[in-house]
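**Q** First residue of the sequence shown: 154, per this note's numbering; consecutive thereafter.
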Amino acid sequence: MLLHYLLTLAISFGLSIILTPYVIKLSYKIGAVDKPNKRKVHDRIVPRLGGLAIYGGIAGAFLYILSVIDLSYSILIASTVIVATGIIDDRYNIRPWQKLLGQMIATVIVLADGFSINYITIPFTDGYSLEVSSWMALPISFIWIIGITNAINLIDGLDGLAAGVSAIAAFSIFTIAVSMGNIPVALISLAILGSTSGFLFFNFNPAKIFMGDTGSLLLGFLLAVLSVMGFKQVTFVTLIIPIIILAVPITDTLIAIVRRKVNKMGIMDADKNHLHHRLLASGFTHKQAVLFIYFIASVFGTAAVFLNNANLLSSMIVYCVLLLIIELLIEKLCLISQRYKPLISLYDKVKVVMVANNDNNKFNRKG
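1. May I have the straight-line CA-CA distance separating Ala-231 from Ile-258, to the nearest angstrom?
2. Is the Cβ-Cβ distance between Ile-403 and Leu-488 less than 8 Å?
3. Name the two residues that bound the continuous alpha helix (DSSP H) containing Met-289.
4. Sorted by chain position, which residues of the same chain lie with C-beta nearer than 7 Å to Ile-311's C-beta, five sequence neighbours on each side aside?
5. Less than 8 Å between the beta carbons of Phe-453 and Ile-410, yes or no?
6. Looking at Gly-239: is its Cβ nearer than 8 Å to the Cβ of Leu-168?
7. Compute the distance between the beta-carbons of Met-364 and Ala-304, then report whether it is under 8 Å.
8. The alpha helix (DSSP H) with Asp-312 in it runs from where to where?
9. Taking Ala-185 and Arg-244 to be in contact with their CB atoms under 8 Å, please state how far apart those CB atoms are, rounded to whole angstroms.
10. If you draw a straight line from the alpha carbon of Thr-406 to that of Leu-307, how long is it in whole angstroms?
11. For Ile-208, count the other beta carbons within 10 Å of its own beta carbon; 16 or more makes it buried, fewer makes it exposed. Which is it?
12. Is it right to say Trp-297 is buried, meaning 16 or more other beta carbons lie within 10 angstroms of its own, or is it exposed?
13. When DSSP labels each residue in this structure, what does Pro-189 get in the three-state scheme?
14. Three Cβ pairs or more, each shorter than 8 Å: is that satisfied between the segment 212-227 and the segment 339-354?
15. Would you call the CB atoms of Ser-180 and Arg-197 closer than 8 Å?
16. How would you write the range of the alpha helix (DSSP H) that Gly-351 sits in, first residue to last?
17. I believe Ala-374 touches Thr-302 by the beta-carbon criterion, under 8 Å. Please report the beta-carbon distance rounded to the nearest angstrom.
18. Return the Cβ separation of Ile-211 and Ile-345 in integer angstroms, given the expectation that the two are a contact with Cβ distance under 8 Å.
19. Which whole-angstrom value describes the C-beta separation of Thr-349 and Ser-380, a residue pair presumed to lie in contact below a C-beta threshold of 8 Å?
20. Would a check of beta-carbon distances place Leu-486 closer than 8 Å to chain D?
21. Indicate whether Ser-539 and Val-263 have their beta-carbon atoms separated by less than 8 Å.
22. Starting from His-429, follow the alpha helix (DSSP H) in both directions and report where the run begins and ends.
23. Do the CB positions of Ile-451 and Ile-326 come within less than 8 Å of each other?
24. Tell me Pro-249's beta-bridge partners as DSSP assigns them.
25. Along the chain, where does the alpha helix (DSSP H) containing Ile-207 start, and where does it finish?
26. Which two residues bound the contiguous alpha helix (DSSP H) that contains Gln-441?
27. Excluding sequence positions up to five away, which residues of its chain have a Cβ less than 7 Å from the Cβ of Met-421?
28. Per DSSP, which one or two residues make a beta bridge with Pro-200?
29. Locate the alpha helix (DSSP H) running through Lys-414, then write down its first and last residues.
30. At which residues does the alpha helix (DSSP H) containing Cys-473 begin and terminate?
31. Restricting to Cα atoms, I'd like to know which of Gly-255, Leu-291, Val-474 and Leu-205 is closest to Gly-267.
32. Taking the straight line between their C-alpha atoms, what separation do you get for Thr-173 and Val-506?
33. Buried or exposed: where does Ala-265 fall if 16 or more other Cβ atoms within 10 Å of its Cβ makes it buried?
34. If you measure between the beta carbons of Leu-205 and Val-234, is that distance less than 8 Å?
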């Protein structure tokens, strides 16, 4: 199986590198370009059809995977629907509901083929798994896939950010899949890893091409489907593992919803307060912001791999540390608002009390 893993990685990586220069030319030719505006951090016209090259790498690897194992074509067909939706949007800037319609069609395709969340292993229990009833499995799976698809789309704001975070998530999923013997998930995650890694040669700052909605929707969709494939096995993954692997896009999306509610904005209203925007506002350079988010994604990915086989006590400690990291990032970078800083405020108050007590002790000793 090692040879199949290596070939899957090589095919997706190689095709992505070969196809990207041609996609750059195609993007200019058909006018699928990204122009600067107040919300964008780039100041030049950049082709944005890069997701087509990512798709080419993944599709080529997927065809190889189909020759190795018995796997349905539904994932490839659904991915093609997602890519078609993304290409139309990258060229014509279609309405949000039209993009959502394409995502819904793709999601229905995989759900109709039996890909759904059938079991949920409950955290903090000794492997207790809850079987999801058939009437609940489909809506839960539907919401999960649509949500993750759009979460990756929302973090695609800096050169190389979405591609790198997706590659890290894919590698984390691959590691867990191999440890649990889930060969289909392992192979598909390698296809994603190889294709996004190849694309990063052209997408990292300064980017020669953006992945556009074609790429971000595709990666989000595939990562969501992979996690659903994991849920089909009781022993593969707990409820919280995919959430930890995809913590960066999920957290950024949830915080954006809360922030817009707090600021009395519409949920779909755009702003410049996503994680990457706040890092830039805090003084990070473009590359530093991307690398910092890579680091955070890697920390959570590593934690997910560890938690897959951790005991109850270790799991609880890791969960608490991860939640603390998220909360401190939210407060330090003002991701919700300038005033929301409960932990930092508590720390400052405790610090003042400790300093006052220390001064009193010094005064008493002198007295």
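Where is the CB? At the ideal position from N, CA and C, for every residue including glycine. Treat the numbers as computed from the prediction; the structure is a model and nothing was measured.
**A** Reading it off the structure:
1. Along the sequence shown, read from residue 1 onward, the residue named residue 231 stands at position 78. Along the sequence shown, read from residue 1 onward, the residue named residue 258 stands at position 105. Distance between Ala-231 and Ile-258, taken at the CA atoms: about 8 Å.
2. Translated into positions along the sequence shown, residue 403 becomes position 250. Translated into positions along the sequence shown, residue 488 becomes position 335. In this structure, Leu-488 does not lie closer than 8 Å to Ile-403 by Cβ.
3. As a first step, residue 289 is located in the sequence shown; it is residue number 136 there, counting from the start. Bounds of the alpha helix (DSSP H) holding Met-289 are 287-307.
4. Residue 311 sits at position 158 when you count from the first residue of the sequence shown. Strictly speaking, residue 311 in this sequence is Leu, with Ile absent from that position. Around Leu-311, the same chain offers Val-194, His-429, His-439, Ala-442 and Val-443 as residues with beta carbons nearer than 7 Å, after the five sequence neighbours per side are excluded.
5. For the purposes of this step, residue 453 is identified with residue 300 of the sequence shown, where counting begins at 1. For the purposes of this step, residue 410 is identified with residue 257 of the sequence shown, where counting begins at 1. The Cβ atoms of Phe-453 and Ile-410 do not sit closer than 8 Å to each other.
6. The count along the sequence shown starts at 1 and reaches residue 239 at position 86. The count along the sequence shown starts at 1 and reaches residue 168 at position 15. At the C-beta level, Gly-239 and Leu-168 stay beyond 8 Å of one another.
7. Working through the sequence shown from its first residue, we reach residue 364 at position 211. Working through the sequence shown from its first residue, we reach residue 304 at position 151. Remark: C-beta atoms of Met-364 and Ala-304 do not approach each other more closely than 8 Å.
8. Locating residue 312 in the sequence shown gives position 159, where the first residue counts as 1. In this chain, Asp-312 is not harboured by any alpha helix (DSSP H), its DSSP state being neither H nor E.
9. Taking the first residue of the sequence shown as position 1, residue 185 is located at position 32. Taking the first residue of the sequence shown as position 1, residue 244 is located at position 91. With 8 Å as the limit, Ala-185 and Arg-244 qualify as a contact, their Cβ atoms being about 5 Å apart.
10. Mapped onto the sequence shown, residue 406 falls at position 253. Mapped onto the sequence shown, residue 307 falls at position 154. So the two alpha carbons sit approximately 7 Å from each other.
11. Residue mapping note: residue 208 aligns to position 55 of the sequence shown, counting from 1. Just to set this straight, residue 208 is Tyr in the shown sequence, not Ile. The residue is buried, with at least 16 neighbouring Cβ atoms inside 10 Å.
12. For the purposes of this step, residue 297 is taken as residue 144 along the sequence shown, with counting starting at 1. The C-beta of Trp-297 has 16 or more other C-beta atoms within 10 Å across all chains shown, which makes the residue buried.
13. Within the sequence shown, numbered from 1, the residue matching residue 189 stands at position 36. Secondary structure at Pro-189: coil, using DSSP grouped into helix, strand and coil.
14. The way I'd put it, the segment 212-227 does touch the segment 339-354; three or more beta-carbon pairs between them come closer than 8 Å.
15. Your numbering for residue 180 matches position 27 in the sequence shown. Your numbering for residue 197 matches position 44 in the sequence shown. Not in contact: Ser-180 and Arg-197 (Cβ atoms no closer than 8 Å).
16. For the purposes of this step, residue 351 is identified with residue 198 of the sequence shown, where counting begins at 1. Counting along the chain, the alpha helix (DSSP H) containing Gly-351 begins and ends at 336-356.
17. For this step, residue 374 is matched to residue 221 along the sequence shown. For this step, residue 302 is matched to residue 149 along the sequence shown. The sequence shown places Phe at residue 374, not Ala. Sure, about 5 Å apart at Cβ, within 8 Å.
18. As a position in the sequence shown, residue 211 is number 58, starting the count at 1. As a position in the sequence shown, residue 345 is number 192, starting the count at 1. Their Cβ separation, rounded to whole angstroms, is 6 Å, which keeps Ile-211 and Ile-345 in contact under 8 Å.
19. Translated into the one-based positions of the sequence shown, residue 349 becomes position 196. Translated into the one-based positions of the sequence shown, residue 380 becomes position 227. Between the beta-carbon of Thr-349 and that of Ser-380 there is about 17 Å, and that puts the pair past the 8 Å contact cut.
20. Given the protein chain composition of this structure (a single chain), no chain D is represented.
21. Look at the range of the chain in this structure, 154 to 520, and you will see that residue 539 is not part of it.
22. Here residue 429 corresponds to residue number 276 of the sequence shown, with the count starting at 1. Bounds of the alpha helix (DSSP H) holding His-429 are 428-434.
23. In the sequence shown, counting from the first residue as 1, residue 451 sits at position 298. In the sequence shown, counting from the first residue as 1, residue 326 sits at position 173. It is Ser, not Ile, that sits at residue 451 in the sequence shown. No. Outside cutoff.
24. Within the sequence shown, the letter at position 96 stands for residue 249. Paired residues: none, contrary to the question.
25. Along the sequence shown, read from residue 1 onward, the residue named residue 207 stands at position 54. Element bounds for Ile-207: 204-221.
26. The residue given as residue 441 occupies position 288 in the sequence shown. Run containing Gln-441: 439-460, per the alpha helix (DSSP H) assignment.
27. Counted from its first residue, the sequence shown places residue 421 at position 268. In its chain, beyond the 5 residues on either side, Pro-249 have a beta carbon closer than 7 Å to the beta carbon of Met-421.
28. Stepping through the sequence shown from its first residue, residue 200 is reached at position 47. Note: Pro-200 sits in a beta bridge opposite Val-186.
29. One-based indexing of the sequence shown puts residue 414 at position 261. From DSSP, the alpha helix (DSSP H) with Lys-414 extends over 400-415.
30. Position 320 of the sequence shown holds residue 473. Start and end: 465-485.
31. The count along the sequence shown starts at 1 and reaches residue 267 at position 114. Checking every option, the nearest Cα to that of Gly-267 belongs to Leu-291.
32. Position 20 of the sequence shown, counting from 1, holds the residue named residue 173. Position 353 of the sequence shown, counting from 1, holds the residue named residue 506. Going by the C-alpha atoms only, they are around 59 Å apart.
33. The residue you call residue 265 lines up with position 112 of the sequence shown. With fewer than 16 other Cβ atoms within 10 Å, it is exposed.
34. Here residue 205 refers to the residue found at position 52 of the sequence shown. Here residue 234 refers to the residue found at position 81 of the sequence shown. Contact: no.
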